[in-house]
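Novice: First the structure, then my questions, so here it is.
Protein chains: 2
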Amino acid sequence: MEELLRANEGFDLSTLDAGSTPGFTGKKADGEKALELGSGELATLQEKLFAESRFGGQKSVLLVLQAMDTAGKGGIVDHVLGDTNPQGVKAFAFKAPTDEEKQHDFLWRIRKQLPPAGYIGVFDRSHYEDVLIHRVRGFSTPEAIEERYGLINEFEAELVASGTTLIKVMLHISKDEQKERLEARLDDPTKHWKFNPGDLDERALWADYQQAYQVAIERTGDVPWHVIPANHKWYARLAVQRLLLEKMRELKLDWPKADYDVDEQKARLADS
Amino acid sequence: MEELLRANEGFDLSTLDAGSTPGFTGKKADGEKALELGSGELATLQEKLFAESRFGGQKSVLLVLQAMDTAGKGGIVDHVLGDTNPQGVKAFAFKAPTDEEKQHDFLWRIRKQLPPAGYIGVFDRSHYEDVLIHRVRGFSTPEAIEERYGLINEFEAELVASGTTLIKVMLHISKDEQKERLEARLDDPTKHWKFNPGDLDERALWADYQQAYQVAIERTGDVPWHVIPANHKWYARLAVQRLLLEKMRELKLDWPKADYDVDEQKARLADS
Chain W
2 MEELLRANEG FDLSTLDAGS TPGFTGKKAD GEKALELGSG ELATLQEKLF AESRFGGQKS
62 VLLVLQAMDT AGKGGIVDHV LGDTNPQGVK AFAFKAPTDE EKQHDFLWRI RKQLPPAGYI
122 GVFDRSHYED VLIHRVRGFS TPEAIEERYG LINEFEAELV ASGTTLIKVM LHISKDEQKE
182 RLEARLDDPT KHWKFNPGDL DERALWADYQ QAYQVAIERT GDVPWHVIPA NHKWYARLAV
242 QRLLLEKMRE LKLDWPKADY DVDEQKARLA DS
Chain C
2 MEELLRANEG FDLSTLDAGS TPGFTGKKAD GEKALELGSG ELATLQEKLF AESRFGGQKS
62 VLLVLQAMDT AGKGGIVDHV LGDTNPQGVK AFAFKAPTDE EKQHDFLWRI RKQLPPAGYI
122 GVFDRSHYED VLIHRVRGFS TPEAIEERYG LINEFEAELV ASGTTLIKVM LHISKDEQKE
182 RLEARLDDPT KHWKFNPGDL DERALWADYQ QAYQVAIERT GDVPWHVIPA NHKWYARLAV
242 QRLLLEKMRE LKLDWPKADY DVDEQKARLA DS
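Chains as they are written, first to last, in the working numbering: chain W, 2 to 273; chain C, 2 to 273.
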């Protein structure tokens, strides 16, 4: 799955079908069953990651999620990581920066939320906002944004060098799909709180955002992007789970060996 | 359930049967089914709590878990809050304080982890360590510990006044049950990482810890404690879930009303 979804040299977002399901031929029910089947292994991998860190392991995992509004970032955390132990997952949703955050460089608030060793971090939006909305809305000068691509590559190289498995995902929905999802929110009073009139202002800039994503994906590919067709929520969830599974299997995680004499401790316990 | 488990005036920890299941007459399978049945409501309450906070709501929930080792604090987070959206839950496990933390008053590191409005926070250990292990081990003077009971009551009153629903839980296991659980850890190589020889040093001080809990429960009851028999893990999980449900129902949470004109936004969307 990882190779199929990776944005390699020459990747063109505009030609990717948001309704496709690369690497999976089944339907929704099959996809949900496959997701269920993978959840146990992911929970075990997470626990091993955590266990290793208690014995000095320095590995962590960071899943960065970027997408247009309604693409399902929040649902990923819920459905893909829902069966792992919440104590081993640090999910953080970045909003518009505060005044304090604006007074620091754009990576300052990002660094504060990085997962410690042993944890899976999930960023719902990230430092990429500073080359996406900033580019589209002109919040920063073109020169500043130009510089940020390089700073991001350096920052991510540093992360990887420190033991973080960085998995960058763009969930890709079509403009029509977003319309349907926004309509569903407006039609359901229990969902009105999720809608904001500003969402439509952003939607009006759809083409500009797609272009900003295209450039960001091209310019920050030292750690590769994975672009996941997300019109089918069940597929996007399965694809993210498989990405996590594939990358975490590569870590060759294992249960730490006891650093004490097990028999000696058993004898102490028996006497206690 | 809340009243049944509440440590009222005259509560005596030494007479509480850790193997009992107050308020529930079923067996393990029934308890697990009941837990499953309650999880949907808890997830909805959590989402409403979060939704309200997006529209200015100031409410949060903080579940404080204290217990002897192996009592199942970690499992509570996993099994009781596992079906809620991980993005709305902030679980934090307090370890031995760092050098920096030791240079501040004992509530400093606690305050940093308080749940923001809209969130359910879970503390696996807490400021109570400063009147439990500190008392048993003599890490602080009796005078300092004496003063802390009052400081804790003041701190918790402040929390409640700021909109936090504070739920304090001691999971109560028997000394024999702990022995079995530690044996199980030592018998299973995939669990060796969870064992530490120091656990047996603490176990040797069992009676002192029970006494420290008894005093803490008596002296910090302005916000009442709930002591949950936890020899049956399934019961402890169900009891915590029901406590959360009962306390969160009292918040009268509801979906926020739209602060925009829904029809106007529907028309804008249709044109977009």
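Where a beta carbon is used, it is the ideal one built from N, C-alpha and C, also for glycine.
Please read all numbers here as calculations on a predicted model, not as lab measurements.
In the DSSP assignment, what are the bridge partners of LEU166/W?
Specialist: For the sequence presented, residue 166/W should be read as Thr rather than Leu. DSSP lists VAL62/W as partners of THR166/W.
Novice: In the DSSP assignment, what residue or residues form a beta bridge with GLN67/W?
Specialist: MET171/W
Novice: Quick check on VAL224/W - is its C-beta less than 8 Å from some C-beta in chain B?
Specialist: Looking at the structure shown, chain B is missing, and the protein chains on hand are W and C.
Novice: Taking only runs that begin and end inside the segment 119 to 202 of chain W, name each unbroken beta strand (DSSP E) of 3 or more residues, in chain order.
Specialist: 121 to 125, 165 to 173
Novice: Taking LYS169/W as the query, report the chain C residues whose CB atoms sit under 9 Å from its CB, ordered along the chain.
Specialist: None at all; the shortest Cβ gap to chain C is about 19 Å.
Novice: Using a Cβ-Cβ distance cut-off of 8 Å, determine whether ASN1/W contacts chain C.
Specialist: Outside the modelled stretch of chain W, which goes from 2 to 273, sits residue 1/W, for which no answer is possible.
Novice: Would you call the CB atoms of VAL132/C and ILE121/C closer than 8 Å?
Specialist: no
Novice: At which residues does the alpha helix (DSSP H) containing PHE51/W begin and terminate?
Specialist: 29 to 55
Novice: How far does the beta strand (DSSP E) with HIS227/W in it reach, from first residue to last?
Specialist: HIS227/W: member of the beta strand (DSSP E) spanning 226 to 230, first to last residue.
Novice: Who pairs with ARG7/W in a beta bridge, going by DSSP?
Specialist: HIS227/W
Novice: Starting from LYS103/C, follow the alpha helix (DSSP H) in both directions and report where the run begins and ends.
Specialist: 100 to 103
Novice: In chain C, what lies closer than 8 Å to SER273/W by C-beta?
Specialist: What SER273/W touches in chain C: LYS180, LEU201, ARG204, ALA205.
Novice: State the CB to CB distance for the pair SER61/C and GLY164/C, rounded to an integer number of angstroms; the pair is presumed to be in contact (CB under 8 Å).
Specialist: 6 Å
Novice: Would you decide whether ASP205/C is buried or exposed? Buried here means 16 or more other CB atoms lie within 10 Å of its CB.
Specialist: The amino acid at residue 205/C is misidentified as Asp; the sequence shows Ala. It counts as exposed.
Novice: Using the DSSP secondary-structure output, state which residues sit across from ALA19/C in a beta bridge.
Specialist: According to DSSP, ALA19/C bridges with nothing at all.
Novice: With a cut-off of 8 Å, does the C-beta of GLU307/W fall near any C-beta of chain C?
Specialist: Residue 307/W is absent from the model: chain W starts at 2 and stops at 273.
Novice: Could you pull the DSSP bridge partners for PHE93/W from this structure?
Specialist: PHE124/W
Novice: Who are the neighbours of GLU184/C on chain W, taking C-beta pairs under 7 Å?
Specialist: LEU270
Novice: With a threshold of 8 Å between beta-carbons, can ASP177/W be considered close to chain C, or not?
Specialist: no
Novice: Could you check if SER21/C is buried or exposed, using at least 16 other CB atoms within 10 Å of its CB as the buried criterion?
Specialist: exposed
Novice: Using 8 Å as the cut-off, can you tell me whether the segment 24 to 41 of chain W makes contact with the segment 45 to 53 of chain C, which would need three or more C-beta pairs spanning the two stretches below that distance?
Specialist: Under the 8 Å Cβ criterion, the segment 24 to 41 of chain W does not count as touching the segment 45 to 53 of chain C, having fewer than three qualifying pairs.
Novice: Kindly list the residues whose CB is nearer than 8 Å to the CB of ARG55/C, restricted to its own chain and excluding five residues on each side of it in sequence; keep chain order.
Specialist: GLY119, PRO257
Novice: Return the CA-CA distance between GLN211/W and MET69/C, expressed in angstroms with no decimal places.
Specialist: 54 Å
Novice: ASP125/C and GLN88/W look like a contact to me (Cβ under 8 Å); what is the Cβ gap, rounded to whole Å?
Specialist: Contact holds; Cβ gap of about 7 Å.
Novice: Three-state secondary structure (DSSP) at TYR261/C?
Specialist: coil
Novice: Spell out whether any CB of chain W is found under 8 Å from the CB atom of THR191/C.
Specialist: For THR191/C, the answer is yes, since a Cβ of chain W falls inside 8 Å of its Cβ.
Novice: Cα separation between ARG99/W and PHE107/W?
Specialist: For the sequence presented, residue 99/W should be read as Thr rather than Arg. Distance between the alpha carbons of THR99/W and PHE107/W is about 11 Å.
Novice: Are LEU172/W and ALA237/W close, meaning C-beta to C-beta below 8 Å?
Specialist: yes
Novice: Buried or exposed for PRO230/C, going by 16 or more other Cβ atoms inside 10 Å?
Specialist: Buried.
Novice: Can you grab the Cα-Cα spacing for the pair ALA213/W / TRP226/W, in whole Å?
Specialist: ALA213/W and TRP226/W: Cα-Cα distance of roughly 14 Å.
Novice: Using a Cβ-Cβ cutoff of less than 7 Å, which residues in the same chain neighbour GLU219/W once the five nearest sequence positions on both sides are dropped?
Specialist: Once the five neighbours on either side are set aside, GLU219/W has no close Cβ partner at all.
Novice: Heavy atom of the ligand MN less than 7 Å from the Cβ of ILE146/W, yes or no?
Specialist: This structure does not include the ligand MN; it has no bound ligands of any sort.
Novice: Around the C-beta of ARG112/W, are 16 or more other C-beta atoms found within 10 angstroms, so that it is buried, or is it exposed?
Specialist: A residue is called buried when at least 16 other Cβ atoms come within 10 angstroms of its Cβ; ARG112/W does not meet this threshold and is exposed.
Novice: Does the distance from the CB of GLU3/W to the CB of LYS248/W come in under 8 Å?
Specialist: yes
Novice: Which whole-angstrom value describes the C-beta separation of GLN215/W and LEU5/W, a residue pair presumed to lie in contact below a C-beta threshold of 8 Å?
Specialist: Going by Cβ atoms, the distance from GLN215/W to LEU5/W rounds to 19 Å, so no, they are not a contact pair.
Novice: Which residues mark the beginning and the end of the alpha helix (DSSP H) in which GLY76/W is found?
Specialist: 74 to 81
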